[in-house]
Amino acid sequence: MKNQKEKKGLAFKLILFIFTSVAIIFSAIFLYNYNISRKIVERNLKLSAENLTVSTVSKVDKVLSSIQKIPDNFSKIIESKDYSKEEMIKILRQEVENNPEIYGCALAFEPYYYGTTQKYCSPYFYRKSGKIEFKYIGDEKYDYFTMDWYQIPKELNHPVWSEPYFDEGAGDAVMSTYSVPLYREKKREETVYRHSYRRCFPRLAAG
Amino acid sequence: MMADINLSFLKKIHWETFIFIVMAIAMMSCNGKMKKESNSGIKTGIVASGNAGKLREVTFLPYWVTNAQFAGYYVAQEMGIYKKYGIDLKIIPYQPFITSTDLIRDGKTDFAALWLVNALELEASGADIVNIAQLSSRSSLMLVTKKKSGIKTLKDMNGKRAGIWSGFELQPKALFNKYHLDIKIVPIGSSNNLFLMDGVDITNANWFDEYHSIINSGYNPDELNTFFFADYGLNFLEDGIYCLSDKLKKDPKLCADFVNATLEGWMYAFNNPDKAIDIVVNYAQKAKLPANRIHQRWMLDRYKDLYIPKGKTTINTSLSEKDYHFVADVLKQSGLIKQVPLYDNFYQPVKR
Chain A
191 MKNQKEKKGL AFKLILFIFT SVAIIFSAIF LYNYNISRKI VERNLKLSAE NLTVSTVSKV
251 DKVLSSIQKI PDNFSKIIES KDYSKEEMIK ILRQEVENNP EIYGCALAFE PYYYGTTQKY
311 CSPYFYRKSG KIEFKYIGDE KYDYFTMDWY QIPKELNHPV WSEPYFDEGA GDAVMSTYSV
371 PLYREKKREE TVYRHSYRRC FPRLAAG
Chain B
730 MMADINLSFL KKIHWETFIF IVMAIAMMSC NGKMKKESNS GIKTGIVASG NAGKLREVTF
790 LPYWVTNAQF AGYYVAQEMG IYKKYGIDLK IIPYQPFITS TDLIRDGKTD FAALWLVNAL
850 ELEASGADIV NIAQLSSRSS LMLVTKKKSG IKTLKDMNGK RAGIWSGFEL QPKALFNKYH
910 LDIKIVPIGS SNNLFLMDGV DITNANWFDE YHSIINSGYN PDELNTFFFA DYGLNFLEDG
970 IYCLSDKLKK DPKLCADFVN ATLEGWMYAF NNPDKAIDIV VNYAQKAKLP ANRIHQRWML
1030 DRYKDLYIPK GKTTINTSLS EKDYHFVADV LKQSGLIKQV PLYDNFYQPV KR
């Protein structure tokens, strides 16, 4: 009886020892495997996210690059000759008519470009209900001189895409604007003003 | 053939299990009951002790769009705190191009939130408004530079370009004059993009708003240098509650009730920020405005810092004569006001 009990005690201890050892080894393998797998999955996820980002940026760039060419060319045309205000407005309208991917197009002149009584001057053509509409934008409520689409390309002296925004008071739509600073020499009577370069900003809104 | 089983052990298990289940059910139902009470406790408690009479219709005008800057008002309205004080409040939505100063001058709103600077200009222009509670205890205005620009001190700003909000040049100009700094001011709108794109070296910002937007644009705080106006002797106090003087004379109780309800709303918002943000975001969504929860939470936390002075636990609504004259004198020296309104006429706090 006593021997039986001793044998049972020994068997129990042996089983417990073997089981515990196996459990520890399996746990260690499992943990190691988990860590390695996690690192691999994270690395792959990061790679996928990067590739997806690059791919999406390329797609967006493709659209934006094609639109950028329009104001880039337009600015060259305006700078090439001393067009009158009416002529420039006519060309502006044609830009919108001939380019359906554009929501609207504006020329934004510096303060008092056309006289000391007219602080704002920005003729703007835009699409609405299938038609091309026109208005002048710029007043105390729509002070475009401090708006990103005007100010940033002016201060940085190169074309810039704006962040998307809701253009309340002008286009009245969510849009992003590509603006190109352009320069024209303006003579007044026989005096060439010291700041004779007046800058105008064609503004194209790509909705 | 019959089989008798010794059930004593089984019975013991059953009893223990039974007791456990009963206790668990009891605890769950108590918890549920308590939750129900706590959820409804505030509202029912408020309604129970509320004004049994007719609610007085009152309008309030914030000076900017729906966001956590005005959390106290939205929270007080949503939680029935204004109703507790017998007020049926309508918050007038912010409209672009129509300033709060226009509406309060024309009497189109009963109460408005204004910065002290704007209120002083309005008062000096002839509008008979009074400050019935000064909520903010310090200025939130700051200048921000990038560490990579090398601008570490005010002196380093000499000769640099600063993007300053168009129409809000007073405080920055006062700072630049005080420290004899020659800085080119570039008027900017509400966006930080010119600064982010290195179009200007310095930009102004509110601690609770634009500073956080700059961080969210990809800059870490340790990549920026900040210069709080309050640290350089230009602590212009900001938010206060204002009404026309006539309103206060005709109905001082209404004014007191509005202020007290508002303060209660603010304290609730500070003590229950998650709930407050839920309410603010809900209001913003109704107004079809974007609302980023993280940004709103930052805003609310900063407002707590601005409204509750260090070392205190409640909002101090007093406007000291010293703080008042400090701002008024700068306005007068800048030519923005011709006369400094009398302090006692301007600041008429309600009973709390």
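From first to last, the protein sequence lines are chains A and B. Residue 209 in the working numbering is what sits at position 19 of the first sequence, and the numbering runs on without skipping anything. Residue 801 in the working numbering is what sits at position 72 of the second sequence, and the numbering runs on without skipping anything. Beta carbons: idealized from backbone N, C-alpha and C, even for Gly.
- Under the Cβ distance rule, A/I257 does not count among the residues neighbouring chain B, no pair being separated by less than 7 Å.
- For secondary structure counted as the alpha helix (DSSP H) over 4 or more consecutive residues, the segment 826-850 of chain B holds these complete runs in sequence order: 829-834.
- Using a CB distance below 9 Å, the part of the segment 924-946 of chain B facing chain A consists of M926, D927, G928 and V929, ordered along the chain.
- Residue-level contact by beta carbon holds for B/S920 and chain A, with a gap shorter than 7 Å.
- Judged by their CB atoms, B/Q863 and B/L1048 are nearer to each other than the 7 Å cut-off.
- Beta-bridge partners of A/Q341 (DSSP): none assigned.
- B/I931 places its beta carbon 7 Å or farther from that of B/K881.
- Counting along the chain, the unbroken beta strand (DSSP E) around B/L870 starts and ends at L870 to K875.
- The continuous alpha helix (DSSP H) containing B/S942 extends over residues E939 to N945.
- Any Cβ of chain B closer than 7 Å to the Cβ of A/M337 would place that residue at the interface, and such an atom is present.
- In the structure shown, A/N288 adopts helical secondary structure according to DSSP, grouped into three states.
- A residue is called buried when at least 16 other Cβ atoms come within 10 angstroms of its Cβ; A/R228 does not meet this threshold and is exposed.
- By the C-beta density criterion, A/W339 is buried, having at least 16 other C-beta atoms within 10 angstroms.
- For B/K982, the closest of B/I893, B/F956, B/S895 and B/P1078 by C-alpha to C-alpha distance is B/P1078.
- The closest CA to that of B/L1035, considering only B/K979, B/G836 and B/M996, is found on B/M996.
- A contact between stretches requires three or more CB pairs, one per stretch, nearer than 8 Å, and the segment 306-318 of chain A meets this requirement with the segment 283-296 of chain A.
- A straight line joining the alpha-carbon of A/D357 with that of A/I342 spans about 16 Å.
- B/N887 is not a Cβ neighbour of B/L851, given a cutoff of 7 Å.
- Rounded to the nearest whole angstrom, the C-alpha separation of A/T246 and B/L925 is 23 Å.
- Contact between the segment 998-1013 of chain B and the segment 794-804 of chain B is present, with at least three C-beta pairs closer than 8 Å.
- Contact of A/L204 with chain B is not assigned, every C-beta pair being separated by 7 Å or more.
- With respect to B/L992, B/D1052 sits apart: the two C-beta atoms are not nearer than 7 Å.
- For B/S895, the nearest beta carbon of chain A is closer than 7 Å to its own beta carbon.
- Less than 7 Å divides the Cβ of B/G892 from the Cβ of B/L923.
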